[in-house]
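Numbering (numbering that gives the first Met the number 0), first residue to last: 0 to 923. First comes the structure, then the notes that go with it.
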Amino acid sequence: MFSYKSRYCVAAAMAAMAALTGHVEARDIDLQSIGYFQFSPLPPTLVSQTDTLLLSDSPEYVGPVGGTLSAGTINGNGRIYFYHVNEMDQPHKIAIVLENQTAYPNTVHVMRQLKSVATPDYFAAGRDLSRKDLEQPLNESPNARPLYSLSIPPQGRKLIFSDLEQTPVYQDALFTGIVDIKTEAPVFARVMMLPMGIDAVEASHWAKNLPIDEIQLRGTYTGSKRNMEVTTPFDTALGGAFVEIGNDREDMFINGVDEMQNKAFVRDRGNYGVSYTLKIPTKGNEPFRLYFNPLGGPYSGSFTVKALHQQGARRGQTDTRTYHIGGADGISALGDGTILDSRIMGNYNAGDLLTLNFMPAGASNLPIRFLLIPESLANPQKHQTIAVNVPKDVKDSLGHPTQGTTQIPVGPIGGKDSNKGTVDTTKSTLTPSKQAENIAHEETKKLSDKAAAEAKKEAQLKKSKEAEEALARKKAEEAKLAAEKAEMARKAAEAKHAEIERKMAEKAEADRKAAELKAAQEAQAAKEKAALEAKKVEEMRQAEEAKRIEAARKAELERQAEEARKAEEVRKAELARIEAARKAEAERVEAARKAEAARIAAEERRLEEERRIEAARVEAARKAEEARKAAEAKARFEAQRAAEKAALEAKRAEEERLAAEAKARLEAQRIEAARKAEEARRAEEARKAEEARIEAARKAEEARLAAEAKRAEEARKAEEARIEAARKAEQARLAEEARKAEQERLAAERAEAERQAAEARRIAEERYQAHLEAERKAEAARQQALAQAEIERKAKERAEAIQRVKEQQENARRRAELARQQIEEERKAAQAAKTGPSFNELDDIHEDTPNVTIPNAVSIDELTKPRPTASQNTRRRDQRQPQVPQDQQYVQVNPMPTAPVAPLAPQNEQQNEEQNPPRIYPLG
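Okay, here's the thing in structure tokens:
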């Protein structure tokens, strides 16, 4: 998209360069000839701007790889506008993916989706989308039905505008389009350029964010729909006027943030993607024309004009017309290299309310103007001047020779009075005296008629002067009132704009605070939910651990009871054996053998039972340990090490117990061997030895039981240490999470402070720019006041010139009266001469007098014809005929030789030239 040109000097330089290079201008009217640079401005006022705009135009040229071009949040009504050129070798596609970042399902309604042709002709692509935007307008009614709707689950993503999947964008082709959506909750939208055939939803997880270019036309903005209105109606009686759009003065550019750059400040320079509705009221008494005039460079797009008739028979009716600039009219774009190109957009009646709908076309340039030109100014009347030839030897009434074949203004060409005012220059048959008498009578009549006409003209001039002065005063007052009204309207517009900006800022701040509050509440809810789940998991783990400990305790008690029972059985068996040995020595060996066999069997059974119980205990411990490990999968490394240490201690204790049992068994075997060795020698010693063995076994069992109790105590302490370590680890984890949350909060506060500082800087910059703009406007107002003073000075000079003309006319009237008196005296002298010599004698006396010839002369009607004032001459200076000097406008009839008129002195001649300036009289 071309950059915005705000300085008109650039456009003027382009126009001059186009004139030097032979630019063929596309103009429906010659603006310069009708005073284009004196047209009055009609500043538009911002009424409202609504809805969210996600702009994707930076990077405009995508390559060498694709990725995410733009991304932002849309809540409610929103629009996505993309404009990109593929600079890669392979064809790519544009993809738009929406992500629901909330914890609840979100429904999105797609209201409209438009795409242009993908073409290397940038103007064709921008023009195509501009046309489709007007041919398929967005239905903004509350009951409007969407094209389709989709539901996005929490943390889910979905693709919209699936037609783009089958639209390849080839190398160097421009592709642009818009999507209008309506959401029930905030949704995060991504615009990507991807190779054909790639899943866009999956690619949205890994596609890289492309950096913004130097134009910086991307981000999230408020104001995809803009309503503007001209507060001062266009008056056809005040001449031409214009409404300027996209100049960043009356029509400010919208501001936004780039969420891909940590919400950096961005500006839509050109308001691309914004739909305009512009209303222009009119008034007056004559029809007018509407013209489109590009000011910032080439423009190619479409406009819709609605005219609401408020007067006449069609009052209340509306006419709608759509105009397309560029393409079908034979040109690629209007305004290339000049600011004087124009295109007519209809004829309208005074009083019509015009409503213009358009969206700034892609690839085109701003600002643009809409010109309102009255019909009388757009089609001015033509004027013409003709002249007659005067011979070189003719003198004027003051005796000055003429220059011959010069132009003298007369009446209209081809009119019924075209031959009026001419005198036959053929040689007369009358005598010189008769000719002089006739000429004197004609001159007297002419002078008297001229004096009457001069008096009438003087009265008319005075009346016209008064009317002109009154009109000038009225126009000055109207201009002053218009300037004051415009200033008041400007101030009101600025105040309204500032109020709208303030309300929008307050709304944005309220939305931001509400979003932050909602995010904080959601974070708090998520944190509480996570804590509750962690608590439930911990309770389940503790319950499983308690069950495991209880099962281990019960198993240990059962094992101890079984071992005590077995020990009691062994003891009873041993006592019975000893008793049997006392009763009969004969049966001792057999009984001893049987007892030994029974003991061995019992021992084997005991050992087998101990192995079975130990295996059951180990299996129960293994299952409990697996359950505990499954419940404690997220425990910290320290807790695992403590558990491993406890397991190692338990294993060591078990090994000690087994070693003690093995030692006890060895000791028993040794005692049994000693008993067998000593049995033959001494039964009593055997009995004592057996008793000692039994006592030793008892002590060994007690030692084993003490070791088992010690092992259980150590296991209990190890479990308590593990629980304590887990508790400390959980406390450390919670402390770490709190620290991270605090760091995030501080970072958010710093970011918010930086954003507020940036906003304050932006507001200060805008206020400074507004101050500069106010100073510029004050300077313009001062220049306008100076121009008004200059106009008043010129009006005063013109009044003084009119007064001088009146004085000159009075002097001419006095000279005419003197000439008439002189002629009357000459006539009386001629009558007195009739009694003197005859005419033949007079002829003999004056043989050296030349014959008098009467050349072509201007008629008395032409001499007494009313002359227009300077304000009535509306012809341009370069179209006027050359002015005729005073000494070429009159012819001289030589007076009688008896009373010659003395020539004027040089100073009198100069005075006459100063008092009678040259004039030119236009046709009609």
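Each residue gets a CB set at the ideal place from its N, CA and C atoms; glycine is no exception.
DSSP state of GLN112 mapped onto helix, strand, coil: strand
Same chain, Cβ closer than 6 Å to PRO119, neighbours up to 5 away in sequence not counted: ASP171, ALA172
Presumed contact (8 Å Cβ cut-off) between THR182 and VAL107, rounded CB distance: Indeed they touch by this definition, with Cβ atoms about 5 Å apart.
Beta strand (DSSP E) segment containing HIS91, residue limits: 91-98
Buried versus exposed call for GLU778 [16 or more other C-beta atoms within 10 Å across all chains shown]: exposed
Entirely enclosed alpha helix (DSSP H) segments - the segment 451-479, minimum 4 residues: Annotation: the segment 451-479 contains no complete segment of the alpha helix (DSSP H) (minimum length 4 residues).
Per DSSP, cross-strand counterpart(s) of GLU543: BP columns for GLU543 are empty, so no partner.
Euclidean distance between Cα positions of ILE93 and LEU376: 50 Å
C-alpha gap between SER463 and ALA469, whole angstroms: 10 Å
Paired residues, beta bridge with ALA306 - DSSP: ASP318, LEU353
Member of PHE38, ALA788, ALA811 whose CA lies at the smallest distance from the CA of LEU371: PHE38
Closest Cα partner of LYS776 within the set ALA649, MET487, GLU258, LEU149: MET487
From ALA673, GLU743, SER161, MET251, residue whose alpha carbon lies closest to that of GLU493: The shortest Cα separation from GLU493 among ALA673, GLU743, SER161, MET251 belongs to MET251.
Beta-ladder partner(s) of SER148, from DSSP: Answer by DSSP bridge pairing, in chain order: HIS108.
Collapsed DSSP secondary structure at GLU694 in the structure displayed: helix
3-residue-minimum beta strand (DSSP E) runs that sit fully inside the segment 29-55, ordered along the chain: 43-55
Neighbourhood of ALA691 by C-beta distance below 8 Å, restricted to the same chain and skipping five residues each side: ILE670
Where ALA332 falls: helix, strand or coil (DSSP): coil
Helix, strand or coil at LEU193 [DSSP, three-state]: strand
ALA597 to ALA554 span [Cα, whole Å]: 28 Å
Per-residue burial, GLU586 [other beta carbons within 10 Å of its own, 16 or more giving buried]: Exposed, because fewer than 16 other Cβ atoms sit within 10 Å of the Cβ of GLU586.
Exposed unless 16 or more other CB atoms sit within 10 angstroms - verdict on PRO881: The predicted position of PRO881 is uncertain, since its pLDDT is 47 and thus under 50; no value can be drawn from it.
Beta strand (DSSP E) segment containing ARG288, residue limits: 287-293
Exposed unless 16 or more other CB atoms sit within 10 angstroms - verdict on ALA14: Residue confidence for ALA14 is low, a pLDDT of 40 falling below 50, so the modelled location carries little weight and cannot support an answer.
Buried versus exposed call for ARG611 [16 or more other C-beta atoms within 10 Å across all chains shown]: exposed
Residue burial classification, LYS687 (beta-carbon count within 10 angstroms, cutoff 16): exposed
Length at least 3, wholly inside the segment 216-296: the beta strand (DSSP E) runs in chain order: With a minimum length of 3 residues, the continuous beta strand (DSSP E) runs that stay inside the segment 216-296 are 217-229, 240-244, 254-257, 263-266, 274-279, 287-293.
Contact set for PRO373: own chain, Cβ-Cβ below 6 Å, skip 5 residues either direction: THR235, GLU285, PHE287
Proximity below 8 Å, CB of SER341 to CB of SER299: no
ALA585: first and last residue of the uninterrupted alpha helix (DSSP H) it sits in: 585-630
Beta carbon of GLY272 nearer than 8 Å to that of TYR121: no
Cβ-based burial, LYS479 [other Cβ within 10 Å; buried from 16]: The residue is exposed, with fewer than 16 neighbouring Cβ atoms inside 10 Å.
Length of the line joining the Cα atoms of ALA519 and ASN261: 19 Å
Residues near GLU700 in its chain [Cβ-Cβ closer than 8 Å; skip 5 each side]: GLU562, ALA566, ALA663
Candidates GLU729, ILE33, GLU743: closest to ALA522 by CA position: GLU743
Local Cβ density within 10 Å of LYS114, reported as buried at 16 or more and exposed below that: buried
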